[in-house]
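Everything below concerns the one structure shown next.
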Amino acid sequence: QQQVKQSPQSLIVQKGGISIINCAYENTAFDYFPWYQQFPGKGPALLIAIRPDVSEKKEGRFTISFNKSAKQFSLHIMDSQPGDSATYFCAAGDNFNKFYFGSGTKLNVKP
Amino acid sequence: EAGVTQSPTHLIKTRGQQATLRCSPISGHTSVYWYQQALGLGLQFLLWYDEGEERNRGNFPPRFSGRQFPNYSSELNVNALELEDSALYLCASGPPGRETQYFGPGTRLLVL
């Protein structure tokens, strides 16, 4: 049973465009929602994270939107750059520090 | 500040053997997490250690085990290796009392 469902599997965006990746979850016990960026041959790196008590969090060009009632959250990358080309993972954690990751979205930003 | 380090970077074993993977956390971090990332798939939670104790475990068979040492480094042992154990094994560390995780580069295990 997949606890966190992520879409799309792959995404192609033109330079300067907005990249949007969506995730959905079922378990209402989740209380921490991080997003990770992974380049080939590297481990995932934490980008930004949110808790259910806020609906939006912005850090630079990266924004998380969170809809608690719909049990959905999304990552928006504004002004996407070729250097943003990577695989992005959403995740959800419970208060036992057990984390469930989405299957990943491979983003390709075209120059 | 040094990041999370893992060794070896690559490991080749045959079916039925045992594999030992090692992880050194960021200085000051007391938690270590282990994940399996099979090719083209997301990360699957394996184990969480904190202050030397196993705190939580994912849906993996008992042949996946590990421990955390007094210096907070950790090792993951996989016994009776199977072909489907071939994957990238990622270790992450986290500071006390927080969920934030910082990942290492991983150990790529190939089972032949």
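Protein chains in written order, with the numbering used here: chain A, 1 to 111; chain B, 1001 to 1112.
Note that CB positions come from ideal geometry on N, CA and C, so glycine has one too.
Listed in chain order, the non-local C-beta contacts of R51 (chain A) below 8 Å within the same chain comprise D31, Y32 and F33, local neighbours out to five positions each way being set aside. Membership of P34 (chain A) in the beta strand (DSSP E) is indicated by the continuous run F33 to Q38. Residue B:E1054 holds the alpha-carbon nearest to the alpha-carbon of N97 (chain A) among B:Q1018, B:P1070, B:L1110 and B:E1054. Between R1022 (chain B) and S1073 (chain B) a beta carbon distance of about 7 Å is seen, short of the 8 Å cut, so the two are scored as contacting. When Cβ pairs closer than 8 Å are counted between the two stretches, the segment 1086-1104 of chain B is seen to touch the segment 1034-1048 of chain B, the count reaching three or more.
In the three-state reduction of the DSSP assignment, L1039 (chain B) falls in the coil class.
Taking E56 (chain A) as the centre and dropping the five residues before and after it, the same chain places the C-beta of S65 closer than 6 Å to its C-beta, in chain order.
By the Cβ rule, the segment 1105-1112 of chain B counts as touching the segment 1003-1022 of chain B, because three or more pairs are nearer than 8 Å. Around the beta carbon of Q1017 (chain B), fewer than 16 other beta carbons lie within 10 angstroms, which makes this residue exposed. No Cβ-Cβ contact shorter than 8 Å links L107 (chain A) with D79 (chain A).
Counting only unbroken stretches of 3 or more residues, the beta strand (DSSP E) elements lying wholly within the segment 21-84 of chain A are 33-38, 45-50, 56-59, 62-67 and 72-77, in sequence order. Interface flag for N67 (chain A) against chain B is unset, since no Cβ pair is found closer than 8 Å. Non-local C-beta neighbours of K68 (chain A) in its own chain, meaning closer than 7 Å and more than five positions away in sequence, comprise P52, ordered along the chain. Annotation for L1081 (chain B): no beta strand (DSSP E) segment contains it, and DSSP assigns it neither H nor E.
In this structure V54 (chain A) is exposed. Its beta-carbon is surrounded by fewer than 16 other beta-carbon atoms within 10 angstroms.
Of B:R1015, B:F1069 and B:Y1049, the smallest CA-CA separation from Q1101 (chain B) is found for B:Y1049. Only Y32 from the segment 13-40 of chain A bring a Cβ to less than 7 Å from some Cβ of chain B.
The distance from the Cβ of C23 (chain A) to that of G104 (chain A) is about 11 Å, inconsistent with a contact at the 8 Å cut-off.
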